[in-house]
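Working notes, structure below.
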Amino acid sequence: MRMFSDSAKSLLLCASTALFFAGASALAQGAPPPRPWMDTSLSPDQRADLVIKQMTLDEKMNFVHGTGWNGLRADAAIPKGSLGGAGYVEGVPRLGIPGINMADSAVGVRLSAAGSHYATLLPSVIGAACSWDPDALFLYGSVIGRELRDMGYNMSIGGGMDLMREPRNGRNFEYAGEDPLLAGTMVGKLAAGVQSNQVMGDIKHYAFNDQETGRTIVNAIIGQRAARESDLLGFQIALGIAHPAGVMCSYNKDTITPPGGTDWSCENDYLLNQVLKKDFDFKGFVLSDWGGTHSDVHAFTAGLDQEQPGSRYFGDPLEKAIQSGQVPMSRLDDAVHRVLRSMFANGVIDNPPQFQETDPFRGRDDAKHIADESIVLLKNADRILPLSAASVKSIAIIGSHADVGVLSGGGSAQVDAPGGNAVPFRGKKHAGGSNWMEVVYFPSSPLKEIRKDAPDAKVEYDPGIDPAAAAKLAASSQIAIVFVNQWMSEGMDRPTSELPVLDENGKKVDQDALVNAVVAANPHTIVVLETGGPVDMPWADKVQGIVEAWYPGIGGAQSLASILFGQVDPSGRLSVTFAKSDDQLPHPQVPGLHIAAKGSLPEAGFGKETPFDADYTAEGARVGYKWFESEHKTPLFPFGFGLSYTHFEFSGLHVDAAQHTATFTVRNAGVRTGTEIAQVYAVLPASTGENNYRRLVGWDRVALKAGESKTVTVSMNALTLSTFDVGKNDFTMAPGDYQILAGSSSADTPLTATMHVAE
Ligand code: BGC
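Positions -11 to 747 (this note's numbering) are the ones given, in order, by the sequence shown.
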């Protein structure tokens, strides 16, 4: 059948030729070609697949590696399109796909000053987790996301999720404590807050990067069940909340037994393919920690999607393996899909960041709000606190540069201080573009804020270098407030939990001796700690007040003053256990301490040291308070502990086994408004083999006026009521009797009830 006459054919030909030229000229004039993946009614997965169909091999390869060290090293080139943050991945401009600009942003955006930007320093994550307030952590992430957007970044590589197994770990301030439910919830909310700004989020360092000493050579050993019920459970919970774009795999090796075998985290098939991608159903992409990739085909096949920061393995070597068919194209498409679908899912293609000035005051107020909930009152003998502005006559402020600033942590979590470091630093700086070993004080002066709150009192400062001089000022003052600190950073651990005896410039400042001298001169002594994690307090019995402020962020001084003078009731409760001394820990010495001992601030594990193990088999899932309880050890301050200026009573626990809820009443039995963290723990049935310790299963933040009562119903997380069955490769809830406990800390649970789970 003839469908068209010859004349019709020539007409059609003319028309299509005309259309072709019209299209070509539209293209020549810069009109965009049709981009079906920009149809927002399609799912992120459909949109990603449409892009992949158009991509060349080279374009795909660009998605599986970074472009070099960028702003991290002074000698590294900054590619076109990169903002000079920690990482940059080239986009596909011809298809309208932007590059990925990644910024370190664990406690605020890093390297902002290089771009002439202001970035808010938030309180440490370990402190923010002491809020037990998921909304505060969402706010935390939103500040980061908001400021990243303002600076043009479309991905955060913060989100520290490793559990505090090692209290001397230099990075504990970036992490959310020792409990998988608390830490997983907090970090999940943080990453969700980042992503609420249409910036891709990330969770790191997967997995068991629980110490910095020898981090690039250490082999973390742990049983499979214990792994799933501890660190990996934290990741599982956080991933379930945030669905982040990225998971950064860690530097160390892991031996998870069974299935056995030892592999780098970034090429560990069990951790990446089996647990993360299959069991946790993670849809985003796995990126290596910077320099943490060790192979091409092996790593790519084991589930690593993107080498960072360069292309040593996932550049030419991997491309060749793909071209030769050694690695199927489908695996490359899968990796690229994971990146692209994350970009679509987070809106970074539909709504890319717009440059604008960051609002420092909004950031400061948000940081202060989080600090208000992070600071933990650990001791308040004779109700020395809150101080009364009306009656206090004189205060001695001592130590830790409290006249000018608050301490911040180092490494890739460092944030540039506005106006520069508040304290001149003459110590050893890290070679390269960023001074991540610089001890940075932020311009938030406790002295000034305390003076503001006590305008009629004589408030004087002593640097605390000479204990005798400090004691003299303390003796002549009504109240002494001693600030002590422990600076921490990525790339190092403290050799012990004792307070450091050297200051940031290597000058001897024996902080324990300082506190002892001050309290001997004036019994009305309050110690304020600015530490990265728990520390020993040999003077704890002697002083009247102890306040753990962590690294409190740019609103830190205001927040601290609000707590000292009682405008804010302390509502922080410890996200970690404070041991009495290192002898009580599962590892009295940091594994590989011989490496840490080599220098005062060793960049641990980058040398040629012999690999070694951090063997977590004995303690397994019994991290922190679980270890202390099952080993019958009494810590200095237990997990979940913290005082308020009022006190609370608990009554009437009722458990609903079908709903997994615990209902009880909390009453503010004091005369001030305050907030309690009502905590629920469970001891599992004997059949689980894990019945010699309690585990956190839920909590609620309860704000109560004086005399007020509230009945709260706390949902108990099913995963934490379960154990991991290695045979079934799943969590199961054992039948039997569960002891449910409720109260104000892991060590103070006045209410108990039995929950029976039927066969
Ligand atoms: C850290 C990561 C960080 C990366 C990029 C590494 O040294 O372990 O947490 O994101 O550097 O700065």
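Think of the CB as a built atom: it goes at the ideal place given N, C-alpha and C, for glycine as much as any other residue.
heavy atom of ligand 1 below 7 Å from residue i C-beta
i: isoleucine 145; result: yes
i: aspartate 277; result: yes
i: alanine 74; result: yes
i: histidine 193; result: yes
i: glutamate 295; result: no
i: glutamate 135; result: no
i: glutamate 478; result: yes
i: leucine 60; result: yes
i: serine 400; result: yes
Boundaries of the alpha helix (DSSP H) in which residue i is found, first to last residue
i: tryptophan 615; result: 613 to 618
i: serine 550; result: 544 to 552
i: glycine 291; result: Glycine 291 -> no alpha helix (DSSP H), and no H or E assigned at all.
i: aspartate 46; result: 45 to 50
i: isoleucine 728; result: Taken as a continuous stretch (DSSP letters only), isoleucine 728 belongs to no alpha helix (DSSP H), being part of the beta strand (DSSP E) at 724 to 731.
i: isoleucine 114; result: 113 to 116
i: aspartate 37; result: 32 to 42
i: leucine 461; result: 455 to 463
Residue i: CB within 7 Å of a non-hydrogen atom of ligand 2
i: aspartate 92; result: The model depicted lacks ligand 2 and carries ligand 1 instead.
Endpoints, the beta strand (DSSP E) within which residue i is located
i: isoleucine 310; result: Element bounds for isoleucine 310: not the beta strand (DSSP E) but the alpha helix (DSSP H), 304 to 311.
i: arginine 98; result: Where arginine 98 is concerned, there is no enclosing beta strand (DSSP E), given that its DSSP letter is neither H nor E.
i: arginine 439; result: Where arginine 439 is concerned, there is no enclosing beta strand (DSSP E), although the alpha helix (DSSP H) it sits in stretches over 434 to 441.
i: glutamine 667; result: 662 to 671
i: tyrosine 449; result: 446 to 450
i: asparagine 656; result: 649 to 656
i: tryptophan 57; result: Element bounds for tryptophan 57: n/a, residue is neither H nor E.
i: histidine 642; result: 636 to 644
i: leucine 692; result: 683 to 692
i: serine 697; result: 697 to 703
i: methionine 90; result: 88 to 91
i: serine 276; result: 273 to 276
i: histidine 282; result: Taken as a continuous stretch (DSSP letters only), histidine 282 belongs to no beta strand (DSSP E), as it is neither H nor E.
i: threonine 250; result: 250 to 252
i: leucine 739; result: 739 to 745
i: tyrosine 76; result: 75 to 77
i: phenylalanine 712; result: 711 to 713
i: aspartate 603; result: 601 to 603
Validate contact between the stretch 551 to 562 and the stretch 637 to 657 using beta carbons, cut 8 Å, 3 pairs: no
What residue ranges within the stretch 132 to 201 form continuous alpha helix (DSSP H) runs of no fewer than 4 residues, ordered along the chain? 168 to 183
Touch check for the stretch 143 to 161 and the stretch 187 to 207: three-plus C-beta pairs under 8 Å? yes
Touch check for the stretch 45 to 54 and the stretch 288 to 304: three-plus C-beta pairs under 8 Å? yes
Could you tell me which uninterrupted beta strand (DSSP E) segments, each at least 3 residues in length, are contained entirely in the stretch 194 to 242, listed from first to last along the chain? 207 to 211 and 234 to 237
Would you check if the stretch 158 to 168 and the stretch 204 to 212 touch, i.e. whether three or more CB-CB distances between them fall below 8 Å? no
Threshold first: 3 residues or longer. Then list the beta strand (DSSP E) segments lying entirely within the stretch 309 to 389, N to C. 364 to 368 and 382 to 386
Are the stretch 538 to 549 and the stretch 171 to 178 touching by the rule of at least three beta carbon pairs closer than 8 Å? no
Can you find at least 3 beta carbon pairs, one from the stretch 274 to 294 and one from the stretch 337 to 356, that sit closer than 8 Å? no
Where in the stretch 468 to 538 do unbroken runs of the beta strand (DSSP E), each at least 3 residues long, occur, reported from the N-terminal end onward? 513 to 519 and 533 to 536
Below 8 Å, how does it come out for the stretch 360 to 380 and the stretch 128 to 138: are there three or more Cβ pairs, yes or no? no
Does the stretch 385 to 403 touch the stretch 426 to 446, meaning 3 or more C-beta pairs lie closer than 8 Å? yes
Indicate whether the contact test is met: 3 or more Cβ pairs, each with one atom in the stretch 85 to 105 and one in the stretch 398 to 410, closer than 8 Å. yes
Check whether the stretch 461 to 476 and the stretch 368 to 387 are in contact - that is, three or more C-beta pairs closer than 8 Å. yes
Would the stretch 673 to 680 count as touching the stretch 719 to 736 if we require 3 or more Cβ pairs under 8 Å? yes
Does the pairing of the stretch 39 to 48 with the stretch 82 to 97 give three or more beta-carbon distances under 8 Å? yes
Three-pair Cβ contact test at 8 Å for the stretch 496 to 513 versus the stretch 470 to 487: yes
Tell me whether the stretch 106 to 122 and the stretch 563 to 573 touch, counting them as touching only if at least three CB pairs, one residue from each stretch, are closer than 8 Å. yes
Contact between the stretch 706 to 717 and the stretch 659 to 666 (3+ Cβ pairs under 8 Å): no
Taking 8 Å as the cut-off, does the stretch 67 to 77 touch the stretch 86 to 93 (at least 3 CB pairs, one atom from each stretch)? yes
Would you call the stretch 236 to 246 in contact with the stretch 613 to 633, where contact means no fewer than 3 C-beta pairs closer than 8 Å? no
Can we say the stretch 506 to 514 touches the stretch 448 to 460, given the rule of at least three CB pairs closer than 8 Å? yes
Counting Cβ pairs closer than 8 Å, one from the stretch 192 to 202 and one from the stretch 566 to 583, do we hit at least three? yes
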